[in-house]
Amino acid sequence: MATAYHHLSDYDAQSVPSASGMRFGIVVADWNDRFTYSMADAAIETLKLHGAAKENIVVKHVPGSFELIFGAKWMVEKGNVDAVIAIGCVVRGDTPHFDYICQGTTQGLAELNLRGDVPVIYGLLTCNTMEQAEARTGGILGNKGTECAVTAIKMVDYKHN
Numbered sequence: 034m035a036t037a038y039h040h041l042s043d044y045d046a047q048s049v050p051s052a053s054g055m056r057f058g059i060v061v062a063d064w065n066d067r068f069t070y071s072m073a074d075a076a077i078e079t080l081k082l083h084g085a086a087k088e089n090i091v092v093k094h095v096p097g098s099f100e101l102i103f104g105a106k107w108m109v110e111k112g113n114v115d116a117v118i119a120i121g122c123v124v125r126g127d128t129p130h131f132d133y134i135c136q137g138t139t140q141g142l143a144e145l146n147l148r149g150d151v152p153v154i155y156g157l158l159t160c161n162t163m164e165q166a167e168a169r170t171g172g173i174l175g176n177k178g179t180e181c182a183v184t185a186i187k188m189v190d191y192k193h194n
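Position in the sequence shown (first residue = 1) + 33 = the numbering used here.
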């Protein structure tokens with residue numbers, strides 16, 4: 034559903050299983066950190082709100098969104114986690130770089146989900162403007178990090194049930 038019709042931080046808390054005993058990895062791109070750090074903070078708070086222990090949330094940083102693929106792969110293989118949340122933000126510029134980064138990152142994260150046993154949650158914002166990114170990282174449309182955390186909890190529960 035388009036974000037214009039759905040606030041990213043709105044969800045039925047009763048529909049979210051307990052995250053107690055679950056381990057989560059969060060890979061955060063440092064590029065556009067104003068947005069990605071806000072998303073990571075929201076994800077962490079949401080995981081804790083639903084019972085995840087602070088020590089069961091592992092956060093690692095990578096330079097940019099394209100590096101989320103390797104970061105998530107490493108976290109899946111070595112992080113001893115039940116799910117990985119990949120958080121990045123790409124804002125369209127004057128060159129086709131935006132298209133290559135968005136497409137490559139999306140394909141790489143999708144490939145990890147196809148071939149692996151650990152769910153990798155897609156938290157890559159692909160925005161046309163900085164204002165769109167701001168609206169989705171704690172602004173008028175909520176915070177994508179919250180949505181990613183809820184998705185991670187539900188996917189771990191899905192895998193175990």
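Glycine is no exception: its CB is placed at the ideal position from the N, C-alpha and C atoms.
- Throw me the rounded Cβ distance for the Asn176 and Leu41 pair, which I believe falls under 8 Å. 6 Å
- Message: Just to confirm my understanding: we take Gly149, look at its own chain, exclude 5 residues before and 5 after, and list those with CB closer than 6 Å. What are they?
- Response: Taken in chain order, the residues that qualify are Val109.
- Hey, would you say Ser98 sits closer than 8 Å to Leu157, going by beta carbons? yes
- Sort Tyr70, Ser48, Gly54 and Gly58 by Cα distance to Arg169 and report the nearest one. When Tyr70, Ser48, Gly54 and Gly58 are compared, the shortest CA-CA separation from Arg169 is found for Tyr70.
- Query: For the 8 Å Cβ check, are there 3 or more pairs between the segment 53–61 and the segment 103–123?
  - Reply: yes
- Distance, Ala76 Cα to Gly178 Cα: 4 Å
- Task: Return the first residue and the last residue of the alpha helix (DSSP H) that Val153 is part of.
- Result: Here Val153 belongs to no alpha helix (DSSP H); instead the beta strand (DSSP E) covers Val153 to Cys160.
- CA nearest to the CA of Met163, picked from Val124, Tyr155 and Thr128: Val124
- Examine the Cβ distances between the segment 99–107 and the segment 130–146 and report whether three or more of them are shorter than 8 Å. By the criterion of at least three beta-carbon pairs nearer than 8 Å, the segment 99–107 is in contact with the segment 130–146.
- Message: Considering just the uninterrupted stretch of the alpha helix (DSSP H) at Ala86, what are its terminal residues?
- Response: No alpha helix (DSSP H) contains Ala86, which DSSP labels as neither H nor E.
- Let me know the secondary structure DSSP gives Ile173 once reduced to three states. coil
- Output the residue ranges of the beta strand (DSSP E) runs that lie fully inside the segment 91–165 and measure 3 residues or longer, sorted by chain position. 116–124 and 153–160
- Ala52 (DSSP reduced to helix, strand or coil): Ala52: coil per DSSP, three-state reduction.
- Where do the N-terminal and C-terminal ends of the beta strand (DSSP E) with Ala62 fall, by residue? Phe57 to Ala62
- Item | Of the residues Ser51, Glu144, Phe57 and Ile154, the one placed nearest Gly112, counting alpha carbons only | Taking the Cα of Gly112 as reference, the smallest distance to any Cα among Ser51, Glu144, Phe57 and Ile154 is reached at Phe57.
- Query: Alpha carbon to alpha carbon, what distance is there between Trp107 and Val95?
  - Reply: 11 Å
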